[in-house]
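Encoded as structure tokens, the structure appears first; notes follow it.
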Amino acid sequence: MIRGLLWVLGGIVLGGIVHLATVLLLPGTATRDAYDRLLPIAPVNSIAQLPAPTPEKAMLPFMDPAFSADVCRYDLSNGPLKLTTPVSQAYTSVSFYTRYGVAYYAINDRAAGRRVIELDLMTTEQHNQMPEEEDVTAADRLIVDSPTPTGLIVIRALAPEPGLMPAAQSVLAKAQCRVQAQ
Amino acid sequence: MRLLIGAFLALLIAAATGLGTTWLALTRGTTFGAITIGAWTAWPKTGTADIDPYARAAIARSGELPIGSGDGIAFHARRDDAGYALDGRCETLLRGVTPAARFWTLTLYDPEGRPVANSASRYGFTSQEITRFSDGSFQIVVAPRARPGNWLPSGGADRYVLVLRLYDTPVGAATRIGREAPMPSITRGACP
């Protein structure tokens, strides 16, 4: 009887370990995360338009249909990336996600404070290798450190009413994302 | 023999409890760092690099890209103020004001996060589209058939989720519940 209880207790303790292990390992093994879902439409290091979510087809769950969105799937192994986007009349934001969908940085047009949002994206090593004087002269350059060498940048422009959607889309059509010339 | 049966039993229990609790945690959502105001719940940490391991696993599984904290915050509601699950066959009233934000959007999704099909092709409202009372408050009617005023079609879906997103807002992890962040009430109206 007691031995049976011990087996049950051992099983529950082992179950706890299984639980923690699966939760921690799941992001690395998931095959339908945002990055994988966007692979077919998003070429590496360039801008692609994210189709608006409809009841029949939504690329990602819980997308805001009031926004026009562009995605840039980045790979920093060939050098830092430069992202520029004009801002729309209403509201524009740029969000950075790691390979596993963690939103590590986001900025909106007002925080960026100009008519064009300009950001440099690099890995921490690339940032450390930057010549120091360049770092100083570029004081007003916005530099973002990516925790992973690959990931996603999503640029969103709000259409406050459906009739303004084409305007939001045309603003995002001017967004650029490309590897910086060395 | 008894040893073998015991070990088998223990492994069976381990697999069942371990995988069962993981599945529950990822589908039901966890409460780490959640702020709940009335029927609305948000997870401000999920939009930062400090995201907890459960939310990290949940977004990897669902494929969602959470709204970054520098962008805004998303409040989800699956039940009304009285605790009833939101039912698209019923009439549901949203009334009140929203916390300070440059813009907000309200969107209706099915439980998997897809917009719900309806004849008006309306999936939500933005703060600029809404008609308001003279005191600045508003009322939105979620109903399967057309209503006067701010009508958000539910498409007759039996379960749905309302998501209120605040953009460029001071509301975040440090927000205390109450006067700082007044959220609209959700009440059930006529139900067939």
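Protein chains in written order, with our numbering: chain A, 241 to 422; chain B, 18 to 209.
We treat Cβ as the ideally placed atom computed from N, Cα and C, and that holds for glycine.
Given the structure is predicted, the values throughout are model-derived calculations rather than measurements.
Using beta carbons (cut-off 8 angstroms, strictly below), is residue i in contact with chain A?
i	result
tyrosine 177(B)	no
tyrosine 101(B)	no
leucine 82(B)	yes
proline 161(B)	no
leucine 183(B)	no
glycine 23(B)	yes
leucine 26(B)	yes
isoleucine 203(B)	no
threonine 120(B)	Residue identity differs from the one stated: residue 120(B) is phenylalanine in this sequence, not threonine. Yes, phenylalanine 120(B) counts as interfacial toward chain A.
arginine 45(B)	no
alanine 66(B)	yes
isoleucine 30(B)	yes
leucine 169(B)	no
arginine 106(B)	no
proline 70(B)	yes
alanine 207(B)	no
threonine 34(B)	yes
Can you tell me the Cα-Cα spacing of residue i and residue j, whole angstroms?
i	j	result
threonine 204(B)	leucine 123(B)	16 angstroms
glycine 37(B)	arginine 73(B)	18 angstroms
leucine 290(A)	phenylalanine 336(A)	15 angstroms
asparagine 135(B)	valine 114(B)	26 angstroms
valine 284(A)	tyrosine 314(A)	6 angstroms
serine 317(A)	isoleucine 252(A)	44 angstroms
arginine 350(A)	alanine 309(A)	18 angstroms
leucine 412(A)	valine 356(A)	11 angstroms
isoleucine 30(B)	alanine 298(A)	38 angstroms
phenylalanine 19(B)	tryptophan 247(A)	The question names phenylalanine, yet the displayed sequence has arginine at residue 19(B). Their backbone Cα atoms lie some 11 angstroms apart in a straight line.
proline 161(B)	cysteine 107(B)	7 angstroms
proline 116(B)	leucine 404(A)	25 angstroms
proline 320(A)	alanine 91(B)	31 angstroms
leucine 323(A)	alanine 99(B)	47 angstroms
leucine 41(B)	leucine 111(B)	30 angstroms
threonine 390(A)	glutamine 366(A)	14 angstroms
alanine 59(B)	leucine 279(A)	29 angstroms
alanine 163(B)	arginine 339(A)	43 angstroms
leucine 264(A)	alanine 397(A)	34 angstroms
arginine 176(B)	proline 128(B)	7 angstroms
With DSSP collapsed to three states, give me the class of residue i.
i	result
threonine 271(A)	coil
alanine 27(B)	helix
asparagine 318(A)	helix
glutamate 81(B)	coil
asparagine 368(A)	helix
tyrosine 349(A)	Rather than tyrosine, the amino acid found at residue 349(A) in this sequence is aspartate. Helix at aspartate 349(A).
leucine 103(B)	coil
proline 132(B)	strand
arginine 19(B)	helix
glycine 244(A)	helix
methionine 299(A)	coil
phenylalanine 144(B)	Per the sequence shown, residue 144(B) should be read as serine rather than phenylalanine. Here serine 144(B) sits in coil by DSSP.
tyrosine 337(A)	strand
tryptophan 168(B)	strand
tyrosine 126(B)	strand
Let me see if you follow: with CB-CB separation under 8 angstroms, is residue i close to chain B or not?
i	result
histidine 367(A)	no
arginine 381(A)	no
valine 342(A)	yes
asparagine 285(A)	no
glutamate 401(A)	yes
alanine 282(A)	no
arginine 350(A)	yes
valine 327(A)	no
isoleucine 393(A)	no
threonine 262(A)	yes
valine 356(A)	no
leucine 359(A)	no
tyrosine 314(A)	no
threonine 332(A)	no
serine 335(A)	yes
isoleucine 347(A)	yes
Measure how close the beta-carbons of residue i and residue j come, nearest whole angstrom, since I'm counting them as under 8 angstroms.
i	j	result
alanine 188(A)	valine 311(A)	With chain A covering only 241 through 422, there is no way to say anything about residue 188(A).
alanine 137(B)	proline 170(B)	5 angstroms
proline 400(A)	alanine 330(A)	5 angstroms
glycine 189(B)	proline 61(B)	5 angstroms
glycine 87(B)	tyrosine 345(A)	7 angstroms
glycine 105(B)	glycine 206(B)	Incorrect: roughly 13 angstroms between the Cβ atoms, too far for contact.
valine 159(B)	histidine 93(B)	Actually they are not in contact, since the Cβ atoms of valine 159(B) and histidine 93(B) sit about 15 angstroms apart, beyond 8 angstroms.
leucine 125(B)	tyrosine 101(B)	About 16 angstroms; that fails the 8 angstroms criterion.
glycine 89(B)	leucine 181(B)	In fact, because the Cβ distance is near 10 angstroms, the residues do not count as touching under 8 angstroms.
arginine 287(A)	alanine 408(A)	Looking at the sequence shown, residue 287(A) is not arginine but isoleucine. Wrong, their Cβ atoms sit about 14 angstroms apart, outside the cutoff.
glutamate 81(B)	proline 295(A)	Actually they are not in contact, since the Cβ atoms of glutamate 81(B) and proline 295(A) sit about 17 angstroms apart, beyond 8 angstroms.
In chain C, which residues lie with their C-beta within 7 angstroms of the C-beta of residue i?
i	result
serine 79(B)	You won't find chain C in this structure, because its protein chains are A and B.
*Interface residues of the region 146–159 of chain B facing chain A [CB-CB below 8 angstroms]*: Glu146
*At a Cβ cut of 7 angstroms, what residues of the region 86–97 of chain B count as close to chain A, listed as they run along the chain?*
Ser86, Gly87, Asp88
_Taking beta-carbon pairs under 7 angstroms, can you tell me which members of the region 123–145 of chain B lie near chain A?_
Thr124, Tyr126, Glu129, Gly130, Arg131, Pro132, Val133, Ala134, Tyr140, Gly141, Thr143, Gln145
_Against chain B: residues of the region 245–258 of chain A by CB proximity under 9 angstroms_ = Leu246, Trp247, Val248, Leu249, Gly250, Gly251, Ile252, Val253, Leu254, Gly255, Gly256, Ile257, Val258
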